[in-house]
Structures are given as structure tokens and as C-alpha cells.
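Everything below concerns the one structure shown next.
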Amino acid sequence: MSTPGKPTAKAAARALAQRERILVAAQKCFVVHGFHAASMANIADTAGMSAGLIYRYFKGKNDIILAIIERQLEEARADIAKLHATSDLVAGIAEVFGQWQANDPNVTSAALFLELTAEATRDEEIAVATQASDRVFRSLLGDWFVRAVADGGLGVSQDQVATRVLILQCLIEGLAMRAISQPDLSVDQVKSALNQFLPSLLTA
Numbered sequence: 001m002s003t004p005g006k007p008t009a010k011a012a013a014r015a016l017a018q019r020e021r022i023l024v025a026a027q028k029c030f031v032v033h034g035f036h037a038a039s040m041a042n043i044a045d046t047a048g049m050s051a052g053l054i055y056r057y058f059k060g061k062n063d064i065i066l067a068i069i070e071r072q073l074e075e076a077r078a079d080i081a082k083l084h085a086t087s088d089l090v091a092g093i094a095e096v097f098g099q100w101q102a103n104d105p106n107v108t109s110a111a112l113f114l115e116l117t118a119e120a121t122r123d124e125e126i127a128v129a130t131q132a133s134d135r136v137f138r139s140l141l142g143d144w145f146v147r148a149v150a151d152g153g154l155g156v157s158q159d160q161v162a163t164r165v166l167i168l169q170c171l172i173e174g175l176a177m178r179a180i181s182q183p184d185l186s187v188d189q190v191k192s193a194l195n196q197f198l199p200s201l202l203t204a
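Mapping of the sequence shown onto the working numbering: position 162 corresponds to residue 162, and the numbering continues sequentially without gaps.
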């Protein structure tokens, strides 16, 4: 029996699915048109729903962008959780690179990542959200670096963590650029390059 005024599990699941549908459509529109040129009408058409329905879930484009930033952080949390289980960073990064190249709708595309970064230089609200998300991501990576090997980490000393996290972030963000600038770069080439470089970064 549902509580009056409280959505049922089915209704909550439907609302979550609708939000996700809107976010996927918005990501496509933002990549094609850019944040400013993309309209709520564009997003509604891409999502196959009315603009009025979108406004039931989001107040406007900035709300959608903030939700995408949160979605991006959740993807990062999931990726780092996998590392705690496998510690195979080369395979993980190569997999994400392949998803960027394939424009996999289930992950934040490289083009959208660059669009978000650019928008953060123009919009203070987006900048604050982007920087907050980045701090969480750095903290999660740092926890993985410093955690004992027996617990799924790398056992890196605390005084080296900040530098190694910075290098790793620069590497991953650089590969996002490569996915766009060098579309003929294969996942195997990326793996080969990472296998030559990453061991020294990941050795305690």
C-alpha cells in the first residue's frame, strides 16, 4: 500500500527513466549544437516528448547541465569502484577510450566533456559544479592510490598521491582530446602506449 502523497516504486522508476531519457537527448543536442544554441525544443524533439514534460523534471537548461555533471561523477565513481576490484587501469582507460570513439550514449562523450569544460569558463554555476565534481573525483582516485594493495588499492605513500592523481587526470583528459582529434587511433595502440607508461605511475 502506498503512502498518500508519496510516489509508488513504479512511478519513481518511471520518473527516473524519463529523467535519463531527457539527459541522453540533451547530451546529443549539446554535442551537436553546443549549450547555447541547443534549445529545450531541440531536446524535446530528440527525446520524443513535449517540452512541457521536460519542465516537470528540470527547470531549464542549466538544471539539465548540472544533472549531466552529476551523472558524469556517478560514471567516475563506478569506474573507480571497478579498479578496487581489478586494479587493471590500462584496460579500464582503454575501454573508456573505445566508448568515447564509439559515442556510446551510456557514457559522457569526449565532445560533451570538452563542451562542459568550456561552459565552465562562462557560467559561474556550471564552474562551481564542475570544480566540486572534480574535487570528488580527485579524492576518489587518491583513496585508490593510497589504499593498501590487499584492499584493492596501490599502496602509494600519501606524499606522492596528489602528484600521481594530477598526472593520471591529465592523461585521461588528454585521451578525450585524442578520441576527437585522432579518430584512427585504435584501442590497441592506446593500450600499448599505456602499458609502457602506466606501470611507473602505479608502482608504490
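Glycine included, every Cβ here is placed at the ideal spot set by N, Cα and C.
Put simply, of L168, G98, A179, V31 the residue whose alpha carbon is nearest the alpha carbon of S139 is L168. A contact is defined here as three or more CB-CB pairs under 8 Å, and the stretch 69-89 fails this definition with respect to the stretch 29-43. Of all C-beta pairs linking the stretch 98-114 to the stretch 177-191, three or more are shorter than 8 Å, placing the two stretches in contact.
According to the DSSP assignment, A150 belongs to no alpha helix (DSSP H), since it is labelled neither H nor E.
Using a Cβ-Cβ distance cut-off of 8 Å, the stretch 136-150 and the stretch 44-55 are not in contact, since fewer than three pairs of beta carbons, one from each stretch, lie closer than that value. Residue environment for A176: buried (at least 16 other C-beta atoms within 10 angstroms of its C-beta).
For A129, the CB contacts under 6 Å within the same chain, skipping 5 residues up- and downstream, are L66, I69 in chain order. Cβ neighbours of A26 within its own chain (closer than 6 Å, five residues either side excluded): I43, I64. Rounded to whole angstroms, the gap between the alpha carbons of T203 and I54 is 48 Å.
Nearest to G34 by C-alpha distance, out of A132, I180, E115, R178, is E115. Counting only the Cα atoms, Q158 lies some 23 Å from I93.
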